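Participant:
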Amino acid sequence: MGNVLNSFGSSVSQAVRGRKRKRGADESADEAGDGSDLLDQSLQTPKRKKLVSTAKYIYQALFKEERNSDVTVHALGKQWHLHKVYLSQSPYFASMFNGSWREADEDYVHIEIIDPKITIESLYSVFGSLYMDEVVLDPKEIISTLATATLFQLDSLIDRCAEVMVETTTTEVSKDFEVPRRFHKVLKARLAR
1 MGNVLNSFGS SVSQAVRGRK RKRGADESAD EAGDGSDLLD QSLQTPKRKK LVSTAKYIYQ
61 ALFKEERNSD VTVHALGKQW HLHKVYLSQS PYFASMFNGS WREADEDYVH IEIIDPKITI
121 ESLYSVFGSL YMDEVVLDPK EIISTLATAT LFQLDSLIDR CAEVMVETTT TEVSKDFEVP
181 RRFHKVLKAR LAR
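Heads up: the sequence shown at position 53 corresponds to 53 in the UniProt record's numbering, and the numbers run straight through without jumps.
1. Using only CA atoms, which one of L151, A147, S144 and G128 lies nearest to K56?
2. Flag this pair as touching only if the segment 76 to 91 and the segment 158 to 166 have three or more C-beta atom pairs under 8 Å; answer yes or no.
3. Here's the rule: buried if 16 or more other CB atoms are within 10 angstroms of the residue's CB, otherwise exposed. What is W80?
4. In whole angstroms, give me the CA-to-CA distance for E106 and T45.
5. How many angstroms separate the CA atom of G99 from the CA atom of V109?
6. Rounded to a whole number of angstroms, what is the C-alpha to C-alpha distance between V136 and I58?
7. Look up L146 in the DSSP assignment and say whether it is helix, strand or coil.
8. Under the three-state reduction of DSSP, which class applies to L76: helix, strand or coil?
9. The beta strand (DSSP E) that contains I111, what's its start and end?
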């Protein structure tokens, strides 16, 4: 039996001769002197780089490029090719698409805008906000954005408009803001929170 183990041991040592032993994880690269283990570890570690955030991609592809839209919204002489699932974040559209309204089964919606404060730019901004996780509000256009957000019952956007108005309004500038009476109650309630 001893002869068998000796011959097995010598066969193993002959097979392993000439090969370097692998360095353990706790052995430093300084011992090797050439840093090849650091390179090996670096090559084995997956590298992740975020190219485009999901929110930016959604905004670009679905809103700006109007890809795969399932509804056309017509307002103020302009058409937007949008998506019911995103529009349904608004109680106005959620009711329209999920209720027993004619628009629930149609792919075209015409919105009659009677408020002169609502502009094409504010519609674009508010529709775009439904596709992004953040919204940029221009203080000069805040009244139009507030009017549009109120039409579509977007409470979080109404709140943000109120915050921007408070942040950017001084006693001198407040004379320039013409806040319609119907928004006065909304703003007062929002600011009282």
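Beta carbons are placed, not taken as given, at the ideal position from N, Cα and C, and that holds for glycine.
Computed from a predicted structure; not experimentally measured.
Facilitator: Let's see:
1. Closest option to K56, judged by alpha-carbon separation, among L151, A147, S144 and G128: G128.
2. no
3. Result: buried.
4. If you take the alpha carbons of E106 and T45, they lie about 51 Å apart.
5. Cα-Cα distance, rounded: 14 Å.
6. Going by C-alpha positions, V136 is about 16 Å away from I58.
7. helix
8. coil
9. Y108 to I111
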